[in-house]
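A.B. asks: Numbering of the sequence shown is given in this note's numbering, commencing with residue 7 and proceeding in unit increments.
Where a beta carbon is used, it is the ideal one built from N, C-alpha and C, also for glycine.
Treat the numbers as computed from the prediction; the structure is a model and nothing was measured.
Here you go, one structure.
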Amino acid sequence: MSSKSSKHGKGKIPPGIFVLVLLLLVVGMFAFFHLPTQEIRKSEMVLKNQLNSPIQADLFLELMNSGKNILSQGISGAEKAAENFKQATELSPGDLDAHLNLANALLLLGRIDEVLSQTSEALKLNSNAAAAHYISGCAYVRKGQFEEAVQSLQIAKQIDHTINAVSYQLGRAHQGLGQWQLAASEFEEVVQFDPGHPSAYYNLSQTYLRLDRREDAEQMLEKHQEVVAKNPLSSDPSVTEKCIYTEAIAPFLLEQPEKVGIEVKFVDATQSMLGANASAYSGPVGLLDVGHDDQLDLLLREKDQGFKLLMQQQGIFTSQGFPVPELPGATYHQCLIGDLQHQGSMRSGQQEDAILISDQGTQVFQISPNGMMSDSSLFARLAPLRAHQGRLTDFDITGKLDLIALNSTNRSLLFYRNEGTFSFRPEATQTNLPPGLSGVIDFLFEDWDGDDLPDLFVALESQPARLYLKQRGAPMKLAAACADWPQADAFAVGDLNNDLRMDVAFLTADDIRIHTQGAEAPVVLPLNGLHPSSLEMMDYDNDGWLDLLAFGGDAFRVWRNRGLEGFADVSESLGLNQLQMGDVQQIQKGDLDGDCDSDWILTLADQSIRILRNEGGNANTLMKVRMEGSRSNPSGIGVKLEVTTGGLRLMRTLHQLPFEIGLGKRTKADSIDPHWSDTITQVDYEIESCSSLVVFELEMPTGSCPYLYGWDGEQFRFITDLLGAAPLGLPVAEGVYIPADTEEIVWIGNESLFPPKDGHHVLQITEELREVLYLDEAKMMLVDHPVGTEVHSTSKLVPRPPFPEHKLRTFGHALPVASAERSDGKDVTAALRHIDSKMLSPVALQAPQLRGLAEPYSVELDFGHVDGEQPWALVMTGWLHFGGGMANMGASHHPELGFPFPTLEIRDANGAWQPVDITVGAPAGKTKTIIADLAGKLPTGKLHLKLSMAFEIHWDRIQLMQAVGEDNTQIHVVQPSHTDLHWRGFSPYEDLPWTQPLTPDYEQVHFSPNWLITPSGWCTRYGEVDDLIAKRDDALLLMNGGDELTLKFDSAQMPPRKSSMQREFFLMTSGWDKDADFHVAKGWTVGPLPWHGMNDQDYGNEPRPKQLNDEWIQSYNTRWIGEMTLRKNRRGKE
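See the structure below:
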């Protein structure tokens, strides 16, 4: 089904007429919707794992199947079906299908508020559930809440636009809002694909009357009467709601772990692994793979020696290098491992460091790839920190591991910001931590609400545990979910029931209480008089289900997770009762002997070490993962990994190294989706020989600029990006935003690169990133200029206002560089003489988390003898790698980073370099030519210039040219003769060297993006948008991710070119672009809308001027975009 879009009328329906129309509809204008025979769809893999026994599981299945059969009887069975489904949701509140089935039964019963309650729960479980959006839309239509109905139904249609009932209900919602043209488009679509739909014809006739199309209205009314004569009418609204989304769904159960499980024993291997000196070693323990050779190494203390690295060879650990002294009299609490200062390039250079926390101070060790260790505590500025506990997390979302520590005195949380130079700065004010929080016993960062942001869990002295949710653009807030949480001595967080949502287990004085998301009551495991002090989740048998370990004091117990059968105490069968552990303070897991199961390293109360070897766990599959972040923190700490293998689906978060995940009997992961700080990507991987899967964070841009393509005679050629100098709410530092230069002129091509297609020159502007384009104006500039000259735009990126006047200038008398040498001594003359994709690139880049920045470099340009009286300009073609909000904020924490924009110097008669007083600027994104006007600034004689910068700019050509008179250059401004806004999708990127701009491949398209959050709000409806982009008037075309704007320019209306001239095409645009980076002001919403003359530094707070004519908003901004990205049905492809 294809959508027909056109401009729609204004004004809302008068209340009296609206009531009359509704009355007619209710009395006799409904007819049965013809539903094609379709197989009952099975549930998505959202699981029934809150069920605690086989009896409950069987009852759940019985209720779901019985309710499904009863609901098929229609309204007569709806009451009983609702009772069954209500019980099913109580048994398994985390089951998506139970909520959808109950919502459908309630919709039949007309219990609308209850319907919306159930669809709300369903959408918490899966924001991509089209049925939940559709049922919500139907409920809102029945309530007369038409704006909410449009929002829900549009999302359902975005997921799959082939469901006719969605189009019909959406048409009714548009009717209710008085959006007559949009309503007509939906009803036209309905009758196109279902000519026997009587209600659609009637509604279409009424809509045509509103559009003053009386003849069409009479025809539709006649069609309605013809259909009604053949089919009986019904006043039941469920008749036209009926579709695949209102069918009851058969229950589905996740693949469960074996009831008994494989046989596993833990045996004491301390002596065999650590040798005769085992008793001399003490904790805290650090686990790391120093050489990245898939062999875990140990950081321990040796008596009278200090801290030492013990390198592993086939399960045997031997001392390496020189020891680092410990702090005198210190009681050590913890060893944290992570890459604190990534110094390599992407996919190389990752090296873990160590932080040792004690009551006498904090030590920081740098560890080299060869195993040498050095104490950098003073340089890291953490030496004075006396703490009881710490967590490494990228709390400020800048791609660096910060330290959150638990103060030893008042047990409050302290924030130490990683400045990226292996040094930390204590933050007292800009922490974003909950204020006044003290008496903390334990804390952890984990994403509870599924938005890929680190939320804060805290256990408190004499108070119930709390959960604080991290928010975009606001302080952390106390979550409602923790209202019934107990006071706890410890807790553990993880996905216990494999529903891809985090659960939490609390250790109380008498029991362990497991709170799974959506459950009304916790699962309780009695402690039977034991008094453990710590709680962990680990999958000891690799079956893919997290088990529970309680230890400390007089306890060391393990409960195996048996899925629907609940938890079973397996301590005795694991052999733990015979080991006489004593008071265990910490447990770390890792495959120490390389046999593909997780062994345990125990630190006891006296700091002594015990190693327990896992014997038998390798009967199931263990997947080892090493994360390497390029935009996220390099160690990937805090990154979630979503894994699907057969009938098993799970979510695991990397909190400490190593990262080991059990897969049960499966030897292959069907899909592995890492949730990086900014993107979600997919990796296919087959496990081989127990080796680690290295998951790289691919360079996948989420925000930058919209893309421009032009028809080249064979295909749409990527040209460049647009409005890179006009970001909205993009920070360069805390509270400081880049001022937007809202105008730009870019080169499209010449006649050979941009020929007509079917009588039109055709451009495509696409929004393929996690952002919104606010386009105010778009025009083509047709330029005829004398052969032998070049025309270039004055547009460029500059560090601050005033912005350049945007116009076209003509140049001739090109003077290529005679010789060019980069600052490292490399001859780059050939690279700069022609536009040929042979680039002058930076000598070295900064760490990948500082995307877009390079190590400072320069190029010396020798132009030979120059007549300084001529109007010279430096004409430079190249591209700039944009960094984005994360990179900008990360860079703002590096005090040593200098001014990144290019600067120009000239060599004087004495050979010294003197600054040239101009603003050089930079290309505003992908390949563009910029101008640095040197008229009146150059002496006559030998000319040597030096261009210095710290941006990642790749230059293709740099040459001097003389400005020539504009009298012979003819510029014609051409308005598009046709515009069309529509859905397209997202292009993958071509595989090109790093010196070339990241180039989208227009010939390929994906339906789903690689990110979770998208700017939400009302965007421009699809169809013709001539009026919005005709002139610069603050009436904006709003494009969201996946949208495409086609611009056609009538070739017949263009003047002929003289034979002495050559023709070039340029595009002039005006507007802004805003992406959903965590740091961008209001980046998660489409609004507030910008306007020319606004204060960039006060975006989101400055009130919109009343004198603006905003009538266009009601007419055009009628397409709702939800905050979560959607996975579109492939059958819904346009």
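The beta strand (DSSP E) that contains residue 658, what's its start and end?
C.D. replies: It spans 654-659 - the beta strand (DSSP E) in which residue 658 sits, taken as one unbroken run.
A.B. asks: Mapping the DSSP letters down to three states, classify residue 881 as helix, strand or coil.
C.D. replies: Correct three-state label for residue 881: strand.
A.B. asks: Please name the residue or residues paired with residue 456 in a DSSP beta bridge.
C.D. replies: Note: residue 456 sits in no beta bridge, so no partner.
A.B. asks: Pull up the distance between the alpha-carbon of residue 1075 and that of residue 748, whole angstroms please.
C.D. replies: Each residue's alpha carbon lies about 8 Å from the other.
A.B. asks: Just to confirm, are residue 366 and residue 386 a CB contact at a threshold of 8 Å?
C.D. replies: Cβ distance not < 8 Å, so residue 366 and residue 386 don't count as in contact.
A.B. asks: How far does the beta strand (DSSP E) with residue 771 in it extend, from its first residue to its last?
C.D. replies: Where residue 771 is concerned, the enclosing beta strand (DSSP E) stretches over 766-773.
A.B. asks: Given this structure, state the Cα-to-Cα distance separating residue 514 from residue 490, to the nearest angstrom.
C.D. replies: If you take the alpha carbons of residue 514 and residue 490, they lie about 14 Å apart.
A.B. asks: Roughly how many whole angstroms lie between the Cα atoms of residue 356 and residue 639?
C.D. replies: If you take the alpha carbons of residue 356 and residue 639, they lie about 10 Å apart.
A.B. asks: Along the chain, which unbroken stretches of the alpha helix (DSSP H) at least 4 residues long are found entirely within the stretch 91-167?
C.D. replies: Here the runs fully enclosed are 102-115, 118-131, 136-149 and 152-165.
A.B. asks: When the distance is taken between beta carbons, is residue 265 closer than 8 Å to residue 568?
C.D. replies: Taking 8 Å as the Cβ cut-off, residue 568 and residue 265 qualify as a contacting pair.
A.B. asks: Have a look at residue 581 and residue 561 and give me their C-alpha separation to the nearest angstrom.
C.D. replies: Cα to Cα, the separation comes out at about 14 Å.
A.B. asks: Note the first and the last residue of the continuous alpha helix (DSSP H) segment covering residue 199.
C.D. replies: From DSSP, the alpha helix (DSSP H) with residue 199 extends over 186-199.
A.B. asks: Is the beta carbon of residue 774 sitting closer than 8 Å to the one on residue 713?
C.D. replies: Against a cut-off of 8 Å, the Cβ pair of residue 713 and residue 774 comes out as a contact.
A.B. asks: Look up residue 500 in the DSSP assignment and say whether it is helix, strand or coil.
C.D. replies: Of the three classes helix, strand and coil, the one that applies to residue 500 here is strand, per DSSP.
A.B. asks: Mapping DSSP to helix, strand and coil, what is residue 39?
C.D. replies: Caution is warranted here: a pLDDT of 28 is assigned to residue 39, below 50, making its placement in the model unreliable, and the coordinate value is therefore given only provisionally. Three-state DSSP puts residue 39 in coil, outside helix and strand.
A.B. asks: In the structure shown, what three-state DSSP assignment does residue 45 receive?
C.D. replies: Residue placement at residue 45 is poorly supported in this model, since its pLDDT is 27, which falls under 50; the coordinates are not used for a value here.
A.B. asks: Rounded to the nearest angstrom, what separates residue 143 and residue 105 at their Cα positions?
C.D. replies: Cα-Cα distance, rounded: 16 Å.
A.B. asks: May I have the straight-line CA-CA distance separating residue 1123 from residue 1041, to the nearest angstrom?
C.D. replies: C-alpha separation (whole angstroms): 11 Å.
A.B. asks: Under 8 Å between C-beta atoms, does residue 495 make it to chain C?
C.D. replies: Protein chains in the displayed structure number just one, and chain C is not present.
A.B. asks: Classify residue 764: buried if its beta carbon has 16 or more other beta carbons within 10 angstroms, exposed otherwise.
C.D. replies: Exposed, since its Cβ has fewer than 16 Cβ neighbours within 10 Å.
A.B. asks: Return yes when the Cβ of residue 189 is within less than 8 Å of the Cβ of residue 177, no when it is not.
C.D. replies: The answer is yes: Cβ separation under 8 Å.
A.B. asks: I need the DSSP call for residue 864, collapsed to helix, strand or coil.
C.D. replies: Reduced to three states, the DSSP call for residue 864 is strand.
A.B. asks: If you run the structure through DSSP and keep just helix, strand and coil, what is residue 933?
C.D. replies: Reduced to three states, the DSSP call for residue 933 is coil.
A.B. asks: Compute the Euclidean distance between the alpha carbons of residue 114 and residue 191, then round it to the nearest angstrom.
C.D. replies: Straight-line Cα distance between these residues: approximately 28 Å.
A.B. asks: Can you list, in chain order, the residues of its chain with a C-beta nearer than 8 Å to that of residue 811? Leave out the 5 residues immediately preceding and following it.
C.D. replies: Contacts found: 800.
A.B. asks: Report the partner residues of residue 1079 according to the DSSP bridge assignment.
C.D. replies: Answer is 733 and 779.
A.B. asks: From residue 98 to residue 524, what does the alpha carbon distance come to, in whole angstroms?
C.D. replies: Spanning the two alpha carbons is a distance of roughly 8 Å.
A.B. asks: If residue 796 and residue 967 are in contact, beta carbons under 8 Å, what's the gap, nearest whole angstrom?
C.D. replies: Going by Cβ atoms, the distance from residue 796 to residue 967 rounds to 7 Å, so yes, they are a contact pair.
A.B. asks: Would you be able to state if there are at least three C-beta pairs under 8 Å between the stretch 892-901 and the stretch 969-982?
C.D. replies: Result no; under three Cβ-Cβ pairs closer than 8 Å.
A.B. asks: Please return the same chain residues whose Cβ sits closer than 7 Å to the Cβ of residue 542, not counting the five positions on each side in sequence.
C.D. replies: Closer than 7 Å at Cβ, skipping near neighbours: 498, 555 and 593.
A.B. asks: Assign residue 42 to one of two classes, buried (16 or more other C-beta atoms within 10 Å of its C-beta) or exposed (fewer than that).
C.D. replies: With a pLDDT of 29 at residue 42, under the threshold of 50, the modelled position of this residue cannot be trusted, and the question is left open.
A.B. asks: I'd like the ranges of any beta strand (DSSP E) spanning at least 3 consecutive residues and lying wholly in the stretch 237-279.
C.D. replies: Whole beta strand (DSSP E) segments, 3+ residues: 271-274.
A.B. asks: What separation, rounded to the nearest whole angstrom, lies between the Cα atoms of residue 323 and residue 417?
C.D. replies: About 36 Å.
A.B. asks: Near residue 573, which residues of its chain fall below 7 Å by C-beta distance, leaving aside the five closest residues on each side in sequence?
C.D. replies: Within the same chain, residue 573 has close Cβ partners 531, 554, 565, 566 and 567.
A.B. asks: Pick out the complete alpha helix (DSSP H) segments inside the stretch 378-414, 4 residues or longer, and give them in chain order.
C.D. replies: Runs found: 383-386.
A.B. asks: Could you tell me the distance, in whole angstroms, from the CA atom of residue 432 to the CA atom of residue 346?
C.D. replies: So the two alpha carbons sit approximately 16 Å from each other.
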